[in-house]
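Note that the protein sequences, when read in sequence, are chains R and B.
For the first sequence, my numbering assigns the number 1 to the initial residue and increments by one for each residue that follows.
For the second sequence, my numbering assigns the number 1001 to the initial residue and increments by one for each residue that follows.
Even glycine gets a Cβ: it sits at the ideal position worked out from N, Cα and C.
Just below is one structure, and these are the notes that go with it.
Number of protein chains: 2
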Amino acid sequence: MSERSEKGLLVIISGPAGSGKGTVVGKILSSYPQEFCLSVSATTRAPRVGEEHGVHYYFIDKESFEERIEEGRMLEYASYCGNYYGTPAEYVEKKLDEGKNVILEIEVQGALKIKEKLPETVLVMITPPDYATLEARLRGRGTNTEEDILNRLQRAKEELELIGHYDYAVINDDGKAEQAAEQICRICESEKRRVRRQPDFVKRFFS
Amino acid sequence: MSERSEKGLLVIISGPAGSGKGTVVGKILSSYPQEFCLSVSATTRAPRVGEEHGVHYYFIDKESFEERIEEGRMLEYASYCGNYYGTPAEYVEKKLDEGKNVILEIEVQGALKIKEKLPETVLVMITPPDYATLEARLRGRGTNTEEDILNRLQRAKEELELIGHYDYAVINDDGKAEQAAEQICRICESEKRRVRRQPDFVKRFFS
Chain R
1 MSERSEKGLL VIISGPAGSG KGTVVGKILS SYPQEFCLSV SATTRAPRVG EEHGVHYYFI
61 DKESFEERIE EGRMLEYASY CGNYYGTPAE YVEKKLDEGK NVILEIEVQG ALKIKEKLPE
121 TVLVMITPPD YATLEARLRG RGTNTEEDIL NRLQRAKEEL ELIGHYDYAV INDDGKAEQA
181 AEQICRICES EKRRVRRQPD FVKRFFS
Chain B
1001 MSERSEKGLL VIISGPAGSG KGTVVGKILS SYPQEFCLSV SATTRAPRVG EEHGVHYYFI
1061 DKESFEERIE EGRMLEYASY CGNYYGTPAE YVEKKLDEGK NVILEIEVQG ALKIKEKLPE
1121 TVLVMITPPD YATLEARLRG RGTNTEEDIL NRLQRAKEEL ELIGHYDYAV INDDGKAEQA
1181 AEQICRICES EKRRVRRQPD FVKRFFS
């Protein structure tokens, strides 16, 4: 009997600006390329220089995006500055069936929509150790206006107040992104050992 | 902000005879003596040679055992061959408050009683990789009668059919008790990062 369920896990990783979630996700993907892959979003906005179709985004036109919404082929979507952004279900399902854990790096509202549709999804919130660190990181970038910083701090507050809907909280302390990445991998490893994810456990044991 | 909740986890480890759960528990305790401790049961049976009060069991008389039951000071108990066996709540609560994860090595019925009383308990079932291995292990001991073996196999079947009530299944393959122990430690580590185990997360973050 194989000791794990064969299907991959859908793992949503969220975190406010300044949480360092991008770095953490990058470390998971580079350390465990066989186990994890990143979901590729679809968008109707034009590609920027260097962006590749199927790598950074699936660039599709408005008509086919709306068609996909109607056909239920988007796990979640939102519009922002006149463009659609969303998560195509097909790619995610294909990778899960191959046994890969699929990481979705999206914000809280989208995460909750997907959890409603697919309750087996694992929601992980990455946060700095505390508010002071968050503020220091946002100010430390040096490229944001004061208004920008205050907006981001306000937004972080709103996001973190929804943390009760998340399954796990992982703290990304300064210079410890590798540790946070390792913790998320262990969470996924443990989740796969959940009995409710292995409904045929008894059958397989006795076969 | 400390990255973990301060209180320890109550972890029940069950498994049929032949699962090797004793070996796995021993490895957890010897590898992580700071993080884990074993709950000590109470019994009304007489101590055997070499058994120490407070180490192997709390040896108490029938009257005080029944008094403790009435006062709700036993997390679970059962009688077997005319003697009581049970888990005193006090020791467990003291260790949990100290931040230790407390391991309880008990069978399925007792585990379910405790889970009902303390829903935050983590239930882990240790199993051999499959039925053939279980049978080979029981026969390999060479000290059991055929009747004994068949009884144990029947009992294992009954226990494993209740695995749906457990949170996690961990497979203890031949010669891999260390790996199973490590997996259980990672499960506990991940459980401690659950948001619902940190109800004051937001408050602490902003303080």
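Below 8 Å on the Cβ atoms is my contact criterion, and I expect R:N101 with R:F201 to pass it. Report the Cβ-Cβ distance as a whole number of Å. With a Cβ gap of about 20 Å, R:N101 and R:F201 do not count as contacting.
Would you mind sorting B:Q1154 into buried or exposed? The rule is 16 or more other CB atoms within 10 Å of its CB. exposed
In terms of DSSP beta bridges, what is R:N101 paired with? R:F36
Reduced DSSP category for R:E93 - H, G, I as helix; E, B as strand; rest coil: helix
Could you tell me the boundaries of the beta strand (DSSP E) in which R:S14 lies? L10 to S14
Taking B:Y1131 as part of the alpha helix (DSSP H), name the residues at either end of that continuous run. Y1131 to G1140
How about R:A42 and R:Y57: are their beta carbons less than 8 Å apart? yes
Taking R:I103 and R:L38 to be in contact with their CB atoms under 8 Å, please state how far apart those CB atoms are, rounded to whole angstroms. 5 Å
Per DSSP, what kind of secondary structure is R:V195 in: helix, strand or coil? helix
Determine the contact status of B:A1169 and R:Q198, defining contact as a CB-CB distance below 8 Å. yes
Cutoff 8 Å: B:R1186 Cβ touching any chain R Cβ: yes
Using the three-state DSSP reduction, which class does R:L150 fall into: helix, strand or coil? helix
Beta-carbon separation (whole angstroms), R:G13 vs R:V25, contact threshold 8 Å: According to the sequence provided, residue 13 of chain R is Ile. The question's Gly does not apply to it. At roughly 6 Å, the Cβ-Cβ gap stays under 8 Å, so R:I13 and R:V25 are in contact.
What did DSSP end up calling B:A1180 once you bin it into helix, strand or coil? helix
According to DSSP, what are the bridge partners of R:N83? R:Y80
If you drop the 5 nearest sequence neighbours on each side, which residues of the same chain put their C-beta closer than 7 Å to that of R:A177? G20, T23, V24 and K27
Identity of the residue in B:V1124, B:E1006, B:L1096 and B:K1094 nearest R:R196 by Cα: B:V1124
Specify the secondary structure class of R:I214 as computed by DSSP and reduced to three states. It is not possible to answer for residue 214 of chain R, since the shown part of chain R is limited to 1 through 207.
Using beta carbons (cut-off 8 Å, strictly below), is B:F1201 in contact with chain R? yes
In chain B, which residues lie with their C-beta within 7 Å of the C-beta of R:R194? D1167 and Y1168
Helix, strand or coil: how does DSSP classify R:A156 here? helix
What is the DSSP secondary structure of R:I163, counted as helix, strand or coil? helix
How would you write the range of the beta strand (DSSP E) that B:V1124 sits in, first residue to last? V1122 to T1127
Name the DSSP bridge partner or partners of B:I1171? B:T1127
May I ask you to list the residues that DSSP assigns as paired with B:H1053? B:Y1057
Is the Cβ-Cβ distance between R:D167 and B:R1194 less than 8 Å? yes
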